[in-house]
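S.K.:
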Amino acid sequence: MENSDYYIPAVAMGVAFVCKLPGTVRDWRDPLVRSVSVLLGLAAAVFFFAAPPTIAEVNRITGVANFSAPLAYGLLSAFSAATLVLIVNWRGGPPDQTRRITRALMAGYGLVSVALAVLFALGSAPVERLRDLDTYYATTPYIREMIVLYLVAIAAPAFGVCVLCWRWARQVRSRWLRASLMIIVTGYLFKIAYVCAKLTAVTARWCGADLDALSTDAAPVFASVGALFAVVGFLLPLVGPRLSDAARTWLTYWRLGALWRELHLSTRSEGASVRIAWWAAPGLRATLRETQIHDGLLGLQPFLDETVRTRGYEAALAGGADVPDAGAVGDAAMVAAAVRVKAAETARAGYVPAGAEHRPAAPSSPPSAGSPPAGPSSTGSPPAGASSPGPSSTEPASAIAAGAGAGPRSLARVSRALRSPIVAAARQAAASTESSPR
């Protein structure tokens with residue numbers, strides 16, 4: 015492995031640890047939060063202190079050849095303990111029982127770390143080995159036992175985590191939790207492969223063979239990949255739902271874009287639109303876009319023509335669309351035509367007609383956007399620019415502009431319908447009517 019293969023994961027996990035640090039300080043009493051932060055910190059430390067340049071520097075500073083060996087092995091054992099502690103806190107249970115198990119794990123792996131240091135002190139490893147200490151000293155008394163001890167301390171919890179997470183993944187319903195458990199299993203299978211490669215190379219030395227490449231080349235790759243998988247798996251339930259919510263919000267924002275741009279044609283002359291910073295949260299952006307759409311539709315109420323909507327709805331049904339999609343096409347055709355009518359009226363009069371921005375909603379219960387058009391209303395008079403006398407615009411205008419039943423999903427359906435050829439024809443017909451001399 016190259017040095018970057020150690021330092022890149024160390025930096026990645028160190029950055030993740032620093033990002034989690036404010037939340038850890040804020041929720042320090044939460045054992046799950048503490049466990050995740052400790053796991054990230056230990057993962058970064060393991061890769062940093064296992065890198066050959068770091069090993070050489072630690073040996074130089076301490077003045078002890080191979081002093082980094084028990085240090086790195088101890089960090090690996092601590093990482094294994096942190097993994098088990100996180101699993102225990104993640105699984106939950108009675109708080110007293112969880113604390114007892116956590117303390118037992120910490121005490122057990124603390125003894126392992128002490129034993130590693132004692133065995134290293136009892137052994138003799140005068141020749142500095144930066145990459146192949148396991149196989150070079152595989153037959154050296156006490157150093158041999160130290161190597162086997164740290165490999166067993168890694169392997170035992172790795173098998174346990176794989177079995178536990180596999181069983182748990184078959185029981186949980188949350189897709190994020192199930193995915194994270196399977197990722198953790200994958201990571202710890204790589205860790206088991208790391209242990210098997212090391213033990214095979216060490217055993218080969220005991221038998222007089224030379225399979226050092228398994229220890230010096232293959233095993234570090236398994237460890238690096240496995241640790242990355244494990245950390246991603248542990249972080250996924252924490253960040254996954256947030257990413258999913260953000261993706262849905264961005265998708266809603268994007269889907270509303272066509273309707274927002276269509277309405278922008280009728281509102282840009284009424285004043286500057288609200289601007290937000292580029293770093294604004296996606297939820298704020300989607301809320302602002304939806305609000306601006308409702309405001310734009312409210313300003314179109316005097317220009318909405320129910321007959322346009324009815325013609326668009328019937329044309330869409332005739333073309334094979336289902337009722338909700340046909341209703342959306344009818345709404346989109348009515349809005350697109352109203353935008354052109356309003357633009358023409360505003361250009362001729364030089365002002366926005368009174369009541370265009372503050373017209374009260376109809377008292378009756380309106381249909382939702384994207385539904386089949388209601389029958390003609392007996393109240394109200396045709397708006398200025400309407401192509402012909404017909405149904406009142408009150409009902410659809412209330413449904414779309416006043417927001418009754420016109421949530422993001424309904425608005426997105428209307429926004430998508432703006433691409434329909436039926437809407438394009440209604441848009442062109444309204445523009446031609448308004449451009450003809452009166």
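Going by the numbering used here, the letters in the sequence shown line up with residues 15 to 452, in that order. Beta carbons: idealized from backbone N, C-alpha and C, even for Gly.
(1) Which of the three DSSP states, helix, strand or coil, is assigned to residue 290?
(2) Am I right that residue 139 and residue 161 are in contact with their C-beta atoms under 8 Å? What's the rounded C-beta distance?
(3) To the nearest angstrom, how far is it from the Cα of residue 291 to the Cα of residue 273?
(4) Grab me the residues of residue 115's own chain with a C-beta within less than 6 Å of its C-beta, minus the 5 sequence neighbours each way, in chain order.
(5) Here's the rule I'm using: 16 or more other beta-carbon atoms within 10 Å means buried, otherwise exposed. How should residue 349 be labelled?
(6) Could you tell me the boundaries of the alpha helix (DSSP H) in which residue 19 lies?
(7) What does a CB cutoff of less than 7 Å around residue 58 pick up in its chain, not counting 5 residues either side in sequence?
(8) Take residue 400 and list the residues in its own chain whose beta-carbon comes closer than 6 Å to its own, dropping the five residues that flank it on each side.
(9) Exposed or buried, residue 33, counting other C-beta atoms within 10 Å across all chains shown (16 or more means buried)?
(10) Are the CB atoms of residue 64 and residue 126 nearer to each other than 7 Å?
(11) Return helix, strand or coil for residue 432, following the three-state DSSP convention.
(12) Do you know offhand how far residue 73's Cα is from residue 19's?
(13) Can you name the start and end residues of the alpha helix (DSSP H) that residue 67 belongs to?
(14) Could you give the DSSP three-state label for residue 260: helix, strand or coil?
(15) Could you work out which residue in 343, 84 and 438 is closest to residue 425 when comparing CA atoms only?
(16) Out of curiosity, what's the CA-to-CA distance linking residue 361 and residue 355?
(17) To the nearest angstrom, report how far apart residue 38 and residue 47 are at their CA atoms.
(18) Measuring only the C-alpha atoms, how far is residue 241 from residue 248?
(19) Can you tell me whether DSSP reads residue 221 as helix, strand or coil?
(20) Where does residue 116 sit, in a helix, a strand or coil, going by DSSP?
(21) Measure the C-alpha to C-alpha separation of residue 294 and residue 278 and round it to an integer number of angstroms.
M.R.: Checking against the coordinates, here is how it stands:
(1) As a working mapping, residue 290 is identified with position 276 in the sequence shown. Three-state DSSP puts residue 290 in coil, outside helix and strand.
(2) In the sequence shown, the residue the question calls residue 139 occupies position 125. In the sequence shown, the residue the question calls residue 161 occupies position 147. That pair is no contact at about 11 Å.
(3) As a working mapping, residue 291 is identified with position 277 in the sequence shown. As a working mapping, residue 273 is identified with position 259 in the sequence shown. Spanning the two alpha carbons is a distance of roughly 22 Å.
(4) As a position in the sequence shown, residue 115 is number 101, starting the count at 1. 102.
(5) Working through the sequence shown from its first residue, we reach residue 349 at position 335. Per the 10 Å Cβ criterion, buried.
(6) Position 5 of the sequence shown, counted from the start, is the residue given in the question as residue 19. Note, residue 19: alpha helix (DSSP H), 18-40.
(7) Stepping through the sequence shown from its first residue, residue 58 is reached at position 44. Here the set comprises 24, 27, 28 and 31.
(8) Within the sequence shown, the letter at position 386 stands for residue 400. Note that residue 400 scores 41 on pLDDT, short of 50, meaning its location in the model is unreliable; the coordinates nonetheless yield the value given after this. So the list reads 319, once near-sequence residues are dropped.
(9) By 1-based counting over the sequence shown, the position of residue 33 is 19. Result: exposed.
(10) In the sequence shown, residue 64 corresponds to position 50, counting from 1. In the sequence shown, residue 126 corresponds to position 112, counting from 1. No, the Cβ-Cβ distance between residue 64 and residue 126 is not below 7 Å.
(11) Position 418 of the sequence shown holds residue 432. Coil.
(12) Here residue 73 is taken as the residue at index 59 of the sequence shown, counted from 1. Here residue 19 is taken as the residue at index 5 of the sequence shown, counted from 1. Taking the straight line joining both Cα atoms gives about 21 Å.
(13) In the sequence shown, counting from the first residue as 1, residue 67 sits at position 53. From DSSP, the alpha helix (DSSP H) with residue 67 extends over 66-76.
(14) Taking the sequence shown and counting its residues from 1, one reaches residue 260 at position 246. Here residue 260 sits in helix by DSSP.
(15) Residue 425 sits at position 411 when you count from the first residue of the sequence shown. Per the Cα distances, 343.
(16) Residue 361 sits at position 347 when you count from the first residue of the sequence shown. Residue 355 sits at position 341 when you count from the first residue of the sequence shown. Answer to the nearest angstrom: the Cα atoms are 10 Å apart.
(17) What you label residue 38 is simply residue 24 of the sequence shown in a count that begins at 1. What you label residue 47 is simply residue 33 of the sequence shown in a count that begins at 1. Distance between the alpha carbons of residue 38 and residue 47: 6 Å.
(18) Within the sequence shown, the letter at position 227 stands for residue 241. Within the sequence shown, the letter at position 234 stands for residue 248. Their backbone Cα atoms lie some 11 Å apart in a straight line.
(19) If you number the sequence shown from 1, residue 221 lands on position 207. It is coil, neither helix nor strand.
(20) Reading the sequence shown from its first residue, position 102 is the one you call residue 116. Of the three classes helix, strand and coil, the one that applies to residue 116 here is helix, per DSSP.
(21) Residue mapping note: residue 294 aligns to position 280 of the sequence shown, counting from 1. Residue mapping note: residue 278 aligns to position 264 of the sequence shown, counting from 1. In a straight line, the C-alpha of residue 294 is about 21 Å away from that of residue 278.
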